[in-house]
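Chains as they are written, first to last, in UniProt numbering: chain C, 1 to 237; chain E, 1 to 237.
Have a look at the structure below before the remarks.
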DNA sequence: TGATATTTGTGCGTATGTATT
DNA sequence: CAATACATACGCACAAATATC
């Protein structure tokens with residue numbers, strides 16, 4: 001976190017969350033903020049653009065940066081957040097069960113999904129997530145061994161993202177996701193407490209590193225009554 | 001579309017879609033693009049940032065702007081798209097049925113949702129969407145009459161967004177959304193061809209204008225087997 | 001109604017840092 | 001080591017929208 005505009009962004013997020021600035025009001029003008037943070041307007045504008053992108057403010061020309069009501073949704077972050085990070089944020093009692101963890105060569109479907117050649121090895125991982133005593137999410141991960149070597153059961157139980165970012169020092173950057181509803185499979189029945197539900201919400205994600213290499217395909221299968229997803233969307237003109 | 005960087009953005013999107021630049025390759029460098037488009041690097045960088053935000057490229061320091069595989073998802077745009085725009089894109093046979101359209105004062109729950117006072121009038125609109133002969137979406141809209149006066153059944157049948165943007169000349173800017181799964185209501189049963197499903201996917205949206213006024217709350221209730229949502233998410237560090 | 005100040009948007013130039021090739 | 005390419009930061013000028021008096 002050495003970038004000046006990111007530091008300023010985090011400062012402003014904190015101030016908004018703590019109610020220093022209130023919904024409906026405007027932030028101090030860009031010129032005032034340059035004085036407050038002793039920097040250039042360009043840097044302030046980068047910070048404000050981040051705030052805008054993340055739904056904290058709406059910039060209105062000639063008026064100012066209007067602070068948005070952030071209370072309606074707050075916690076259940078959209079975007080690219082590992083299960084561990086999420087559960088920490090929500091402060092829930094969670095447990096991960098690892099059902100499968102092995103290396104295999106990819107079949108046709110997986111090869112087209114991960115965009116890889118016939119001879120590459122792929123980790124197949126199956127894990128269920130238990131929250132407050134109920135197993136409600138089944139995560140099926142497919143990860144290129146080339147990019148992420150040395151996975152163990154212990155890592156899979158803890159956090160694969162943490163291993164990738166801190167041990168391997170790779171930077172996870174972005175994901176393309178698709179959300180659909182499907183009927184349950186035998187695997188779902190085996191590993192989830194379905195509580196009578198015959199359908200699951202499935203999030204299919206393609207995950208990329210900062211250097212634009214696709215390294216992971218994941219199916220995250222959720223019991224529908226425990227599923228929630230929050231999104232912030234700007235209209236493209 | 002007079003902004004230089006938006007024109008350049010659209011040019012580059014077109015070029016990528018037409019295959020002039022291919023997935024995995026890099027775009028010409030920022031300096032080369034300044035020459036090609038006869039502009040400054042700053043302007044090029046704004047255009048490239050738009051491409052990056054919309055999932056077309058990934059900027060890699062020291063390397064270039066890598067073009068991403070845009071074929072996996074393409075069509076079913078995430079974000080803030082009206083039903084009419086969407087159905088046009090998909091080229092489907094669609095029909096809108098208007099079940100309710102009237103003005104009322106808001107009850108407590110709606111007042112807190114739309115953040116409005118006791119005496120304000122609110123449009124209540126209920127519409128179902130028929131695609132290829134099946135009614136699969138039920139849209140329940142609540143719109144401030146202060147902001148959007150003069151709604152008619154004909155407008156509701158066609159496109160309310162089109163009316164707001166073209167007749168009233170207001171700019172719809174962004175939305176905060178929440179996606180959950182709920183059990184069907186009597187209203188769902190009455191207006192949807194549920195095909196045996198006992199649950200629906202519900203998208204709750206709060207929609208804002210460019211000047212940051214919240215003017216609409218919508219519940220869009222989808223038959224689960226026909227539901228799809230696509231998302232592009234960057235990891236926040 | 002109209003003039004003026006304020007505030008954000010756009011565009012250009014330059015310098016320096018940092019990662020990759 | 002050098003060249004290339006993107007990232008950050010600062011400064012300036014003018015345009016466009018809004019608020020205020």
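Backbone N, C-alpha and C fix where the C-beta goes; we use that ideal spot for every residue, glycine too.
Since the model is a prediction, treat every value here as computed from it, not as a measurement.
Contact annotation for residue 66/C against chain E: 212 [CB-CB distance below 7 Å, chain order].
Taking one beta carbon from each stretch, the region 137 to 147 of chain E and the region 18 to 34 of chain C have fewer than 3 pairs nearer than 8 Å; the two do not touch. The Cβ neighbour count for residue 50/E, taken over all protein chains shown within 10 Å, is at least 16; the residue is labelled buried.
A straight line joining the alpha-carbon of residue 181/E with that of residue 139/C spans about 19 Å. Using a C-beta cut-off of 8 Å, the region 166 to 173 of chain C makes no contact with the region 101 to 115 of chain C, since fewer than three inter-stretch Cβ pairs fall below that distance. At a cut-off of 8 Å, the C-beta of residue 174/C has a neighbouring C-beta in chain E. Around the beta-carbon of residue 68/E, 16 or more other beta-carbon atoms lie within 10 Å, marking it buried. The residue from 99/E, 83/E and 98/E with its alpha-carbon nearest to that of residue 92/E is 83/E. Inside the region 86 to 136 of chain E, DSSP marks whole alpha helix (DSSP H) runs of 4 or more residues at positions 108 to 114, from first to last along the chain. When secondary structure is reduced to three states using DSSP, residue 56/E falls in the coil class, being assigned neither helix nor strand. Beta-bridge pairing by DSSP links residue 26/C to 66/C. Listed by position along chain C, the residues whose Cβ is nearer than 7 Å to that of residue 224/E are 181 and 199.
Distance from the CA atom of residue 17/E to the CA atom of residue 178/C, rounded to whole angstroms, is 21 Å. The region 96 to 106 of chain E makes no contact with the region 55 to 63 of chain E: fewer than 3 CB pairs, one atom from each, lie closer than 8 Å. Within the same chain, and ignoring the five residues on either side of residue 204/E in sequence, the residues whose Cβ sits closer than 6 Å to its Cβ are 178 and 219. In this structure, residue 26/C sits near residue 64/C, with a CB-CB distance shorter than 8 Å. Secondary structure of residue 20/E (DSSP, three-state): coil. Within chain E, 210, 211 and 212 have C-beta atoms less than 9 Å from the C-beta of residue 60/C, given in sequence order. The Cβ of residue 133/C sits no closer than 8 Å to any Cβ of chain E. The beta carbon of residue 10/C sits closer than 6 Å to none of the beta carbons in its chain outside the five residues before and after it.
About 7 Å separates the beta carbons of residue 142/C and residue 216/C, which is inside the 8 Å limit, making them a contact pair. Within the same chain, 181, 197, 199, 200 and 201 come within 8 Å of residue 224/E by CB-CB distance, once the 5 residues on both sides are set aside. Around the beta carbon of residue 5/C, a 10 Å sphere encloses 16 or more other beta carbons of the protein chains shown; the residue is thus reported as buried. In this structure, residue 221/E places its C-beta atom within 8 Å of the C-beta atom of residue 188/E.
Beta-bridge pairing by DSSP links residue 204/E to 178/E and 219/E. The Cβ of residue 196/E sits no closer than 8 Å to any Cβ of chain C. In this structure residue 85/C does not touch residue 125/C by the C-beta definition: roughly 18 Å separates them, more than the 8 Å allowed. The beta carbon of residue 132/C sits closer than 7 Å to those of 92 and 93, all from its chain and outside the five residues before and after it, given in chain order.
Contact with chain E is found for residue 55/C, since one of that chain's Cβ atoms lies less than 8 Å from the residue's Cβ.
With respect to the 8 Å criterion, residue 234/C and residue 173/E are classified as neighbours on the basis of their beta carbons. For the pair residue 106/C and residue 127/C, the CB atoms are not nearer than the 8 Å cut-off. The continuous alpha helix (DSSP H) containing residue 190/C extends over residues 186 to 191. Each of 227/E, 226/E, 70/E and 206/E was checked against the Cα of residue 70/C, and the nearest Cα belongs to 206/E.
Per DSSP, residue 156/C lies in no beta strand (DSSP E); the unbroken alpha helix (DSSP H) holding it starts and ends at 153 to 158. Each of 226/C, 109/C, 19/C and 22/C was checked against the Cα of residue 195/C, and the nearest Cα belongs to 226/C.
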